[in-house]
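Take a look at the structure below.
Chains as they are written, first to last, in our numbering: chain A, 39 to 335; chain B, 39 to 335.
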């Protein structure tokens, strides 16, 4: 049976969220007598990181969030990085701290993230914030998984009872989205580089929901897809010809038409990540200023 | 094909561990000039809790760990409980704090656990310690999942690539064992009360490793078991006739003989839980006294 797969418009969902946030930020800035402020830390001069940071700064500006970027040289040592984070922790004008990853090889992201005050950890990567997800009562949630949950909600896809495969076990995406979906009562299997390929294929073939986050172009094949499945693609891979593709073979999945819904790359999960960074900054600001947040999961 | 299933002797593995710990405690107590000390908090008079605490006190005494139990009345309010925890956090003679669960209904275990200094959280239930498991660099690990990992290791069962079903999504067992097994490169599916029963049965039928932690007597049936599977039973359920059984139908699984290995109830996972509480206490003591621990996962 061939049907038309719905293309999930992450950009629209992100824009709707940003629209709401802009309104909220006006209100809470007035109430607090100041605007939310995000501090970004960039170490070295990774070009992709610079592009990401420019996106984040632009989104912040549009929404009425102040931002400041601290650029440190590539040869910064761990102590200096940690000290900058401590200064930002103590600075009451700063509500959110974003450490742009990856760091140069001589620096430990684990150690640096541990320095961030969990209440200012707008990337949601501090172990305390990750652990809160495991307790079922999250506060600041990593931006991409948070965006995926909103996308599902925006299209009225309830994860409850859905057989779900998460491909990838990173701290940024795979592990937290698996926890969030488990909290939402999906039945989740986490696949990764050490999973047997035939197990992976078998499991995807039985899945109502597939989240791909491994960074391998067109890894998930159209013939693995179950009728009526929902496909969420976190991958952004640039091919030799310059084209951007995800981890799921979007074109052939569309042709086969078995999926109920699929995210495009670009324009799917990507815009949601930046929007949820803004949302986390607003949430951190509210908690710091008022002791609570009006934002729900 | 019927074979003989190996009955995994958790009691022996626990006793071997306690033997090593006793030796280590003698050494580190001498080095530090004091013994490790565990503070236990019991609120109200739940009889099962009293039995568990007696087991823990006995194990501590045998190994050379001091322990003190604070018994609070059932009508203790949250503030008083939190204050006791804060006092124990600040008390340098106390290395581990164990809050016996469940608490009376008027108290929040989440709020109470958040008060515990993560470095003294020998139950491993603080969000910070749970989050460290997600980062792949755990410190204090919840005792039952920690015990299961040791049991697998003791019998040379490497989880890498094994198709694994975890039944149960609790903070105490299901979620942390799923994270630990994912870190150890198993392919893990978490099942729970909202999973479809046919999905659960199908997945168990394909699994090389099954961890059952739902508290339903004999829930996992012999006919669901894959040839050569390893079965780990966390459940302890008392039947009307007084008999203790697990969440896996041990007797029929043994009769069918398809499993490669199975834990009995009692004598399987249970003794490992108490032994790992002792291990966590030693680890916390070492970190507090010397700044590092000699104990590995």
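Just so you know, even glycine gets a beta-carbon here, dropped at the ideal spot from N, CA and C.
Remember, predicted model here, so these are calculated numbers, not experimental data.
What does DSSP give as the partner residue(s) for residue i in the beta ladder?
i	result
residue 225 of chain B	B:201
residue 107 of chain A	A:78
residue 278 of chain A	According to DSSP, which records beta bridges pairwise, residue 278 of chain A is partnered with nothing at all.
If we ignore side chains and look at the alpha-carbon of each, how far apart do residue i and residue j end up?
i	j	result
residue 152 of chain B	residue 295 of chain A	48 Å
residue 147 of chain B	residue 124 of chain B	15 Å
residue 272 of chain A	residue 50 of chain A	17 Å
residue 240 of chain B	residue 186 of chain A	27 Å
residue 220 of chain B	residue 228 of chain A	8 Å
residue 64 of chain B	residue 102 of chain B	7 Å
residue 133 of chain B	residue 315 of chain B	12 Å
residue 325 of chain A	residue 66 of chain A	11 Å
residue 198 of chain B	residue 86 of chain B	36 Å
residue 206 of chain B	residue 212 of chain B	5 Å
residue 13 of chain A	residue 299 of chain A	Lying outside 39 to 335, the shown extent of chain A, residue 13 of chain A is not represented and no answer is given.
residue 215 of chain A	residue 100 of chain B	43 Å
residue 84 of chain A	residue 110 of chain A	12 Å
residue 230 of chain B	residue 173 of chain A	15 Å
residue 308 of chain A	residue 261 of chain A	25 Å
residue 71 of chain A	residue 115 of chain A	37 Å
residue 104 of chain B	residue 61 of chain A	58 Å
residue 323 of chain A	residue 223 of chain B	38 Å
residue 310 of chain B	residue 48 of chain B	6 Å
residue 284 of chain B	residue 98 of chain A	54 Å
residue 275 of chain A	residue 257 of chain A	11 Å
residue 89 of chain A	residue 280 of chain A	16 Å
residue 332 of chain B	residue 317 of chain B	11 Å
residue 143 of chain B	residue 118 of chain B	15 Å
Report yes if the CB atom of residue i is closer than 7 Å to the CB atom of residue j, and no otherwise.
i	j	result
residue 203 of chain A	residue 233 of chain B	no
residue 415 of chain B	residue 210 of chain B	The first residue shown for chain B is 39 and the last is 335, placing residue 415 of chain B beyond what the model contains.
residue 91 of chain A	residue 81 of chain A	no
residue 73 of chain A	residue 237 of chain B	no
residue 263 of chain A	residue 291 of chain A	yes
residue 165 of chain B	residue 44 of chain A	no
residue 312 of chain B	residue 75 of chain B	no
residue 319 of chain A	residue 46 of chain A	no
residue 268 of chain A	residue 282 of chain A	no
residue 365 of chain A	residue 155 of chain A	Nothing can be reported for residue 365 of chain A, as the shown portion of chain A is limited to 39 through 335.
residue 178 of chain B	residue 159 of chain B	yes
residue 168 of chain B	residue 150 of chain B	no
residue 255 of chain A	residue 218 of chain A	no
Quick one: is residue i buried, meaning 16 or more other Cβ sit within 10 Å of its Cβ, or exposed?
i	result
residue 321 of chain B	buried
residue 52 of chain B	buried
residue 286 of chain A	buried
residue 162 of chain A	buried
residue 135 of chain B	buried
residue 39 of chain B	The pLDDT assigned to residue 39 of chain B is 49, lower than 50, so where the model puts this residue is not dependable; a value taken from the coordinates is nonetheless given after this. It is exposed - the Cβ of residue 39 of chain B has fewer than 16 other Cβ atoms within 10 Å.
residue 337 of chain A	There is simply no residue 337 of chain A to check, as chain A begins at 39 and stops at 335 in what is shown.
residue 303 of chain A	buried
residue 328 of chain B	exposed
residue 330 of chain B	exposed
residue 249 of chain A	buried
residue 131 of chain B	exposed
residue 56 of chain A	buried
residue 306 of chain B	buried
Could you tell me which chain B residues have their CB closer than 7 Å to the CB of residue i, listed as they occur along the chain?
i	result
residue 237 of chain A	201, 225
residue 229 of chain A	225
Show which residues of chain B have a CB atom less than 8 Å away from the CB atom of residue i.
i	result
residue 213 of chain A	172, 217, 220
residue 148 of chain A	173, 175
Using a C-beta to C-beta distance shorter than 7 Å, which residues of chain A count as neighbours of residue i?
i	result
residue 166 of chain B	165, 166, 169
residue 209 of chain B	172, 173
If the cut is a Cβ gap below 9 Å, which residues of chain A does residue i touch?
i	result
residue 298 of chain B	Per Cβ cutoff of 9 Å: no residues; residue 298 of chain B is ~18 Å from chain A at best.
At 9 Å on the CB atoms, spell out the chain B contacts of residue i, in chain order.
i	result
residue 198 of chain A	232
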